[in-house]
Structures are given as structure tokens and as C-alpha cells.
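*Asks:*
Numbering (this note's numbering), first residue to last: 436 to 693.
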């Protein structure tokens with residue numbers, strides 16, 4: 436996967452309309468509108484080809500309600516892989532949405548019961564749903580029930596899902612939460628599991644950014660120096676408690692001697 440582009444869309448009515456549809460799919464996130472196959476640098480050919488084949492065979496995928504679940508660490512390119520599929524299908528006229536369960540739960544929390552029903556009904560009318568960063572939405576009972584409800588509805592309605600997660604498959608399976616395991620069962624019946632490994636350039640770029648940040652932080656001063664009498668927060672309180680405990684022990688020892 437490559438770096439995001441921040442160019443301006445072509446100055447044509449057709450290009451502007453296409454761009455606005457992309458923005459709608461990403462809830463107004465402009466940068467993701469350029470995460471497409473045209474800007475893919477080809478460093479991860481397996482992931483790129485998987486996405487292209489999914490788009491090419493999308494009619495059949497849609498009929499069967501089949502999707503992809505991407506596994507990989509932070510910065511590996513999972514979101515990019517899903518976004519380029521969204522952009523390609525949006526350009527082809529499909530109604531897609533790139534979101535996350537965390538965003539969905541936040542939105543539902545602001546709505547009335549009627550508003551929640553309308554929101555979910557609109558969600559289930561999409562041709563493709565992307566749930567980014569699965570597993571990062573929290574482990575509360577309500578969130579687990581809602582995630583299962585949404586996944587089950589997508590399963591029953593044959594709505595294709597693209598899911599990204601920073602967790603290993605083995606880690607997800609080890610959960611003791613019955614709702615979580617039921618959700619995973621639904622997902623894995625409809626999503627092909629794909630591991631995304633960060634290409635070397637992405638790892639080098641991350642390290643270069645870290646080195647640059649460290650260099651900026653290190654010099655040139657002036658540097659902050661700790662005062663000689665510096666104490667950790669609450670240290671004085673801890674010392675008071677320690678002195679009290681020592682006094683109690685001394686008092687006990689004194690009684691024993693008597």
C-alpha cells in the first residue's frame with residue numbers, strides 16, 4: 436500500500452460527481468477518496484490482486500453475501516486494502532459505506548429509538564459495508580449485543596462485509612465472551628480471512644519518522660533539568676504513611692519488651 440495523496444480531483448463535472456460519491460462512502464474523509472488501485476504502488480501484490488479479483492467478481496460476491504476479513508498490525512495496509520475496493524465499487528455505482536462499530540455505537544447513542552431504527556435500516560440498504568478496526572469498540576454487553584445484531588442482519592440479508600482487525604485470529608478465538616464468539620462465527624461464514632503484512636518500505640518509513648521525531652526532540656536544547664529536590668507525585672504522602680507504619684511497629688515492639 437502506498438502513501439495517501441492530497442491532490443485535487445480533475446476539473447470536470449463527472450470527476451467531481453465521482454469524488455462526492457466517494458466522500459459520502461467515507462463519511463466525508465477526503466484523504467481516503469484517493470486510497471484506490473490507481474494510487475497503489477504495488478508493494479503488496481497479493482493484497483492488491485485480492486482486491487481486484489473481489490471487484491471483478493463482485494456481482495457473484497454480492498449474491499452470496501461474501502466479503503473479506505483483513506488481519507494485520509497497525510500500519511500494515513488493511514484499511515487501504517478495504518478502501519480501494521470501496522472506491523472501485525462506488526465508481527461502478529454501488530452504495531458502499533466505510534465505517535467502524537465504534538462510530539456506529541457512538542452515533543446510535545445520540546439517537547432516539549425511532550432514530551436508531553431509521554439509522555440501522557439505512558445501514559442495511561447498503562451494497563457493501565466496511566467495518567474498520569473490529570474489536571476496538573469495547574467489550575460492554577450493549578456493544579457486544581449491537582455488533583452481533585448488525586453482523587447477523589448483514590448475514591441474513593446477504594450484505595457483503597469487509598472487516599479489518601488489528602488482532603490475530605487466534606486471539607479473537609480465545610475470547611470467553613459467548614456473544615463475541617457467535618459474532619465471529621457469523622463473520623467467518625461470510626468472510627474470507629486474509630493476512631496483511633506491512634511491506635518493507637512501510638516499516639522503513641515508520642522507523643524513519645520515529646528517528647526524525649527523536650532527532651527533533653533531542654536538540655538543540657535548552658533542556659529541562661530535574662531540580663535536585665525533585666520528588667515523584669504523592670511521594671511526600673507516601674513518606675508520611677511509611678513513617679506512621681514505622682511508628683506503629685516501634686510501639687508494638689516497645690509493648691512486647693514491657
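We treat Cβ as the ideally placed atom computed from N, Cα and C, and that holds for glycine.
Fair warning: this is a prediction, and the values are worked out from it, not measured in the lab.
1) For residue 493, count neighbouring C-beta atoms within 10 Å of its own C-beta (all shown protein chains included) and say buried if the count is 16 or more, exposed if not.
2) Does DSSP classify residue 627 as helix, strand or coil?
3) Just reading off the beta strand (DSSP E) that residue 506 is part of, what are its end residues?
4) Hey, quick one: how far does the alpha helix (DSSP H) through residue 467 stretch, first residue to last?
5) Rounded to a whole number of angstroms, what is the C-alpha to C-alpha distance between residue 627 and residue 591?
6) Go ahead and pull the three-state DSSP assignment for residue 533.
7) If you reduce the DSSP assignment to three classes, tell me which class residue 437 lands in.
8) With a cut-off of 8 Å on the beta carbons, I'd call residue 536 and residue 572 a contact; round off their distance for me.
9) Using a threshold of 7 Å, state whether the C-beta atoms of residue 509 and residue 601 are closer than that.
10) Between residue 546 and the rest of its own chain, which residues show a CB-CB distance below 7 Å, the 5 nearest in sequence each way excluded?
11) Roughly how many angstroms separate the alpha carbons of residue 632 and residue 480, rounded to a whole number?
12) Given this structure, state the Cα-to-Cα distance separating residue 603 from residue 455, to the nearest angstrom.
13) Could you give the DSSP three-state label for residue 632: helix, strand or coil?
*Replies:* Short version:
1) buried
2) strand
3) 502–506
4) Here residue 467 belongs to no alpha helix (DSSP H), and DSSP marks it neither H nor E.
5) 17 Å
6) strand
7) Low local confidence applies: a pLDDT of 46 at residue 437 is under 50, so the model's placement there is unreliable, with the coordinate-based value given in what follows. In this structure, residue 437 counts as coil in the three-state DSSP scheme.
8) 4 Å
9) yes
10) 554
11) 11 Å
12) 35 Å
13) coil
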